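In terms of the numbering used here, the sequence shown opens at residue 4 and continues consecutively. A virtual CB, placed ideally from N, CA and C, is assigned to each residue, including glycine. The structure displayed is predicted, hence computed values, not measured ones. Let me begin by presenting the structure, written as structure tokens, before commenting on it.
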Amino acid sequence: YMSVSDRTKEIGVLRALGAGKKDIRRMFTSESLLIGIFSAILAVVVAFGVGTLLNTSLYKIVSFNLVKITLGNLIATFIIALVIAYIAALLPSKKAAKLDPIESLSAE
């Protein structure tokens, strides 16, 4: 919602230049999915870092690795991040697509 309210004039210009409602929805959805991909990558990097740190420090106590990250975990992380990003983009993208170009251009 913040992105839509901050970019009202940009949406108005795009609509005035002939961008359709579908184009505006796709723009906001794709931006959200890109954020989801980057957040999933960041989550995987942090998980590997914390997992390695915990395994090296706790290996002396229990003599085996406590944190195991599998390929299934990585795939699930990416899928969950993309689904959450997509769901979070649905309502704002619909709101952005419904904006009237004339009213959008006159907004402060």
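Considering Cα atoms alone, identify which of TYR89, ALA99, LEU69, VAL49 is closest to LEU37. Here residue 37 is taken as the residue at index 34 of the sequence shown, counted from 1. Distance from the Cα of LEU37 is smallest, within the candidate group TYR89, ALA99, LEU69, VAL49, for TYR89.
Here's the rule: buried if 16 or more other CB atoms are within 10 angstroms of the residue's CB, otherwise exposed. What is GLY23? In the sequence shown, residue 23 corresponds to position 20, counting from 1. GLY23 should be labelled exposed.
Specify the secondary structure class of PHE41 as computed by DSSP and reduced to three states. For the purposes of this step, residue 41 is taken as residue 38 along the sequence shown, with counting starting at 1. For PHE41, the three-state secondary structure derived from DSSP is helix.
Would LEU93 pass as a contact of ILE14 if the rule is Cβ separation under 7 Å? Within the sequence shown, numbered from 1, the residue matching residue 93 stands at position 90. Within the sequence shown, numbered from 1, the residue matching residue 14 stands at position 11. Not in contact: LEU93 and ILE14 (Cβ atoms no closer than 7 Å).
Taking 7 Å as the limit between beta carbons, can you name the residues of its chain near LEU20, skipping five residues before and five after? Residue mapping note: residue 20 aligns to position 17 of the sequence shown, counting from 1. Result list for LEU20: empty, nothing under 7 Å.
Taking Cβ to Cβ, would you say ALA43 is nearer than 7 Å to PHE81? What you label residue 43 is simply residue 40 of the sequence shown in a count that begins at 1. What you label residue 81 is simply residue 78 of the sequence shown in a count that begins at 1. Cβ distance < 7 Å, so ALA43 and PHE81 count as in contact.
Assign PHE31 to one of two classes, buried (16 or more other C-beta atoms within 10 Å of its C-beta) or exposed (fewer than that). Looking up residue 31 in the sequence shown gives position 28. For PHE31, the number of other beta carbons within 10 angstroms of its own is at least 16, and it is reported as buried.
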